[in-house]
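There are 2 protein chains.
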Amino acid sequence: MKKGVTIKDIALKLNMSVSTVSKALNNDLSISTPTKDRVKQLADDWNYIPNEAARHFKLSKTFTLGLIIPDMLDQFFVLAINGAEKIAAKEKYNVIISQSHEDPANEERIVDLMKRNRVDGLIVVITKKTQDMSPFLNLKNIGIPVVFFARPPKDDSFDYVTADNEGGALKATEYLINQGHQRIGHLMGPECMAVSQLRLQGYKTALQMNNIGFDPGLVQAVDLTEESTFLAMSQFMKMPSPPTGIFTFKNYISLDAIEYLKKNFPGMVNKIDFAGFGNLPLFRYLDHKPVASIEESSYEMGEEAARLLFQFIKEEDSMTMRAVQHIQIHCKLVVHK
Amino acid sequence: MKKGVTIKDIALKLNMSVSTVSKALNNDLSISTPTKDRVKQLADDWNYIPNEAARHFKLSKTFTLGLIIPDMLDQFFVLAINGAEKIAAKEKYNVIISQSHEDPANEERIVDLMKRNRVDGLIVVITKKTQDMSPFLNLKNIGIPVVFFARPPKDDSFDYVTADNEGGALKATEYLINQGHQRIGHLMGPECMAVSQLRLQGYKTALQMNNIGFDPGLVQAVDLTEESTFLAMSQFMKMPSPPTGIFTFKNYISLDAIEYLKKNFPGMVNKIDFAGFGNLPLFRYLDHKPVASIEESSYEMGEEAARLLFQFIKEEDSMTMRAVQHIQIHCKLVVHK
DNA sequence: CTGAAAGCGCTTACAG
DNA sequence: CTGAAAGCGCTTACAG
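As they're listed, the protein sequences go chains A and B. Under the working numbering, the first sequence has 146 at position 146, and the numbering climbs by one with no breaks. In the working numbering, each number is its position in the second sequence, counted from 1, plus 337.
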């Protein structure tokens, strides 16, 4: 039995055709109950394991979703994965996850791999550096729908699910204003990312709505590494009048910024308030954390992205044309402590 | 081209046989260079994407490793995944990851799924509750090698890679002793886990070697949830003479224990020292953390597990018998601050 | 160097 | 209700 028992073995033993066995195992209505029972009994006894590779091949469907994310050490993405998996499980779909590690070359390689493996659909968080969308372009042609997630591509012809970036940024900034801060800095994300621009815009709008002048010196772009955040913070701290409140693109940046203060301006740690995107599980262990987070509801976003993808997968079958969808998830402010 | 171009389409266009095209694409030595060039050129022009499902089916090999881990929010496992992926990539293998969420029922379902999908090998971290190893038993029979990881099963007939649990526990406990602690508690892992027993043993040995009597009241088992850690800590704090140093099964437990102190005995936070397994990336953000960690080198352990698995996969092909392997990874002590 | 043929394990119209 | 047959896209001995 090393070779694995097949449908044919069962058919032979029971003096049936393979078609009958196949149908019996798949609960086809045309098969009589006694036959079904006999087949299932033997399949059980012989420990029959269906060969999914054969099934996928035959059906040209893999019942598998591909997920491409930058990094699994970022809890935001893990929560999103869990959300997507939940929806996939409901539809009896598998999920395969791959990490791009923020490298567009990896990303391209992974997309190719997913294509070769004929996933039925793809959920993608592009890398922070992804500019060229061509790897994703021909996916539609070969019938693999893609939903982008969290980081919308610049090109609006793709479907995506994203947070209400501008609204969230506005809320976070306003919270800092309401806490009495007048000089509010912004550690913005990589300038090439669309999300960065949106969050910057929300920040500006908040200032404007509260009659605070915009000071370009109070905006520093970082690339999400610790070094670049340290550098940006050192620029702020060199100013004659450094910010007392800082809105960050992402709270991992807030954490790095706080580390910077701990090391270089320990007296300022409790003097500067941070607020940014992302309410992370690890916060509960921290003594020094952002005063507020924009809850991105990544689990729900993951669910939403998967739901949208399944909608496309199903439409794919029926070959109808459809409009591009951009879903925005509402963000709420969470105050810490 | 919606249907996807196949080898047959290419053969037709070039007036060749499918065998020739297949061999050309696979760089078979018997094919002439001009033929190879023509085939590859057209494959490129037509954007040919090999159907891996068909290949896997034909070759009865999926070039895929299955990884089953309890939870991706635990950075220990993520690092291990990354290590395993690195080795897999070298061998041109894919990795599919699934989370059991510490539920043996999920685990069984996932193993079944992996079997149906005919992964070439499996790396598994069993759940903390897994007692019944039967889901893993027939994997060998159907030719799917398994390597267990981090949490060795009780049954020694399985292959596994694990940390030097006893040695690590000894080191951590001795560090606390050398810091001057005489009353050293142990927050041990679930009693049903083999690792818990090994670490408990290391703790006992350290006490003995340093002539400190063993007090059963200083050992509390937790199930890795916050609640159970809080409960265990409250037991300790009720003692007439609570421990001043605590060796924990896992540093996530230390973090929960420190949270407990912050909430209920803020004066004790700096009075009680913790040391435990696991040096985690998130530590860098913490003000209150364990004084020392046992570095489990999870990335390297992941690599090692994958290496071992590939060894088995290759032997599988040659059908030779082999001895069970238990690999122990040396642990080093990392002092914080 | 190239090609004809068999076959991997399954599903699904179609016929009976 | 059951079965014979075709075929999903590929690879690989084998023959020439």
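A virtual CB, placed ideally from N, CA and C, is assigned to each residue, including glycine. What you are looking at is a predicted structure, and each value in this text was computed from that prediction instead of being measured.
Mind checking whether residue i and residue j have CB atoms under 7 Å apart?
i                  : j                   : result
tryptophan 46/A    : valine 5/A          : yes
glycine 185/A      : proline 243/A       : yes
asparagine 117/A   : glutamate 422/B     : no
glycine 143/A      : isoleucine 294/A    : no
proline 104/A      : threonine 127/A     : yes
leucine 139/A      : asparagine 165/A    : no
alanine 323/A      : valine 161/A        : no
leucine 170/A      : alanine 206/A       : yes
valine 95/A        : leucine 67/A        : yes
serine 634/B       : alanine 417/B       : no
proline 290/A      : asparagine 251/A    : yes
leucine 484/B      : leucine 645/B       : Residue identity differs from the one stated: residue 484/B is valine in this sequence, not leucine. In contact: valine 484/B and leucine 645/B (Cβ atoms closer than 7 Å).
phenylalanine 57/A : phenylalanine 394/B : yes
isoleucine 327/A   : alanine 163/A       : no
Give the single residue among the options whose Cα lies nearest to the Cα of residue i.
i                   : options                                : result
serine 435/B        : Asp449/B, Ala425/B, Lys423/B           : Asp449/B
lysine 429/B        : Asn443/B, Leu404/B, Phe400/B, Asp440/B : Phe400/B
phenylalanine 277/A : Val147/A, Val334/A, Glu227/A, Glu304/A : Val334/A
asparagine 548/B    : Lys600/B, Gln519/B, Phe573/B           : Gln519/B
tyrosine 385/B      : Gly420/B, Asn364/B, Ile347/B, Leu351/B : Ile347/B
valine 125/A        : Phe158/A, Asn94/A, Gln41/A, Gly180/A   : Phe158/A
glutamate 563/B     : Leu474/B, Lys377/B, Ile590/B, Leu524/B : Ile590/B
asparagine 264/A    : Phe283/A, Phe148/A, Phe236/A, Asp287/A : Phe236/A
serine 437/B        : Asn82/A, Ile110/A, Lys115/A, Met114/A  : Asn82/A
lysine 129/A        : Phe76/A, Pro190/A, Ala54/A, Gly180/A   : Pro190/A
phenylalanine 413/B : Lys395/B, Thr370/B, Arg488/B           : Arg488/B
proline 344/A       : Thr229/A, Ser60/A, Leu200/A, Leu224/A  : Outside the displayed span of chain A (1 to 337) sits residue 344/A, for which this structure offers no information.
leucine 218/A       : Ser228/A, Gln208/A, Ser241/A, Val78/A  : Ser241/A
glutamine 311/A     : Leu73/A, Asp120/A, Lys23/A, Leu25/A    : Asp120/A
lysine 61/A         : Asn270/A, Ala292/A, Met114/A           : Met114/A
cysteine 331/A      : Glu300/A, Ile123/A, Met16/A            : Glu300/A
lysine 337/A        : Glu315/A, Gln325/A, His288/A, Ile313/A : His288/A
leucine 12/A        : Ala43/A, Phe230/A, Asp28/A, Met239/A   : Ala43/A
leucine 255/A       : Met72/A, Leu286/A, Met239/A, Asn26/A   : Leu286/A
phenylalanine 283/A : Ala391/B, Ala558/B, Thr566/B, Glu596/B : Glu596/B
In chain B, which residues lie with their C-beta within 7 Å of the C-beta of residue i?
i               : result
proline 50/A    : Arg453
histidine 288/A : Asp624
leucine 282/A   : Leu619
Given that residue i touches chain A, what residues does it touch there, using C-beta distances under 8 Å?
i             : result
leucine 592/B : Tyr285
Whose Cβ in chain B lies nearer than 9 Å to the Cβ of residue i?
i                : result
asparagine 210/A : Chain B residues near asparagine 210/A: none, gap ~31 Å exceeds 9 Å.
glycine 4/A      : Ser397, Arg455, Ile479, Gly480
Below 7 Å on C-beta distance, what does residue i contact in chain A?
i                : result
methionine 433/B : In the sequence as displayed, the identity of residue 433/B is isoleucine instead of methionine. Within chain A, the residues near isoleucine 433/B are Ile96.
histidine 393/B  : Ala53
valine 415/B     : Met72, Leu73
How far does the alpha helix (DSSP H) with residue i in it reach, from first residue to last?
i               : result
aspartate 285/B : This structure gives no information on residue 285/B, because the portion of chain B shown stretches from 338 to 674.
alanine 169/A   : 165-178
List the whole-angstrom C-beta distance separating residue i from residue j, where the pair is believed to meet the contact cut-off of C-beta under 8 Å.
i                : j               : result
alanine 88/A     : alanine 172/A   : The Cβ separation is near 32 Å, so there is no contact.
proline 407/B    : glutamate 445/B : With a Cβ gap of about 14 Å, proline 407/B and glutamate 445/B do not count as contacting.
isoleucine 246/A : leucine 187/A   : 6 Å
serine 30/A      : lysine 23/A     : 7 Å
Could you tell me the boundaries of the beta strand (DSSP E) in which residue i lies?
i                   : result
glycine 185/A       : 184-188
phenylalanine 277/A : 273-277
glutamate 259/A     : Where glutamate 259/A is concerned, there is no enclosing beta strand (DSSP E), although the alpha helix (DSSP H) it sits in stretches over 251-264.
valine 432/B        : 431-436
threonine 585/B     : 582-585
glutamine 662/B     : Careful: glutamine 662/B lies outside any beta strand (DSSP E) and carries neither H nor E.
serine 293/A        : 292-295
alanine 194/A       : From DSSP, alanine 194/A is part of no beta strand (DSSP E) but of the alpha helix (DSSP H) over 194-209.
valine 672/B        : 669-672
threonine 566/B     : Threonine 566/B -> not in any beta strand (DSSP E); alpha helix (DSSP H) instead, spanning 563-575.
alanine 221/A       : 219-221
Using the beta-carbon of each residue, which ones in chain A are nearer than 9 Å to residue i?
i                : result
leucine 450/B    : Glu52, Asn94
valine 532/B     : Near valine 532/B there are no residues of chain A at all, since even the closest Cβ is about 23 Å away, more than 9 Å.
asparagine 607/B : Per Cβ cutoff of 9 Å: no residues; asparagine 607/B is ~12 Å from chain A at best.
aspartate 384/B  : The residue asked about is misnamed: residue 384/B is asparagine in this sequence, not aspartate. Within chain A, the residues near asparagine 384/B are Asn138, Asn141, Ile142.
In chain B, which residues lie with their C-beta within 8 Å of the C-beta of residue i?
i               : result
glutamate 259/A : Arg621, Tyr622
glutamine 81/A  : Just to set this straight, residue 81/A is isoleucine in the shown sequence, not glutamine. Within 8 Å Cβ-Cβ: Met409.
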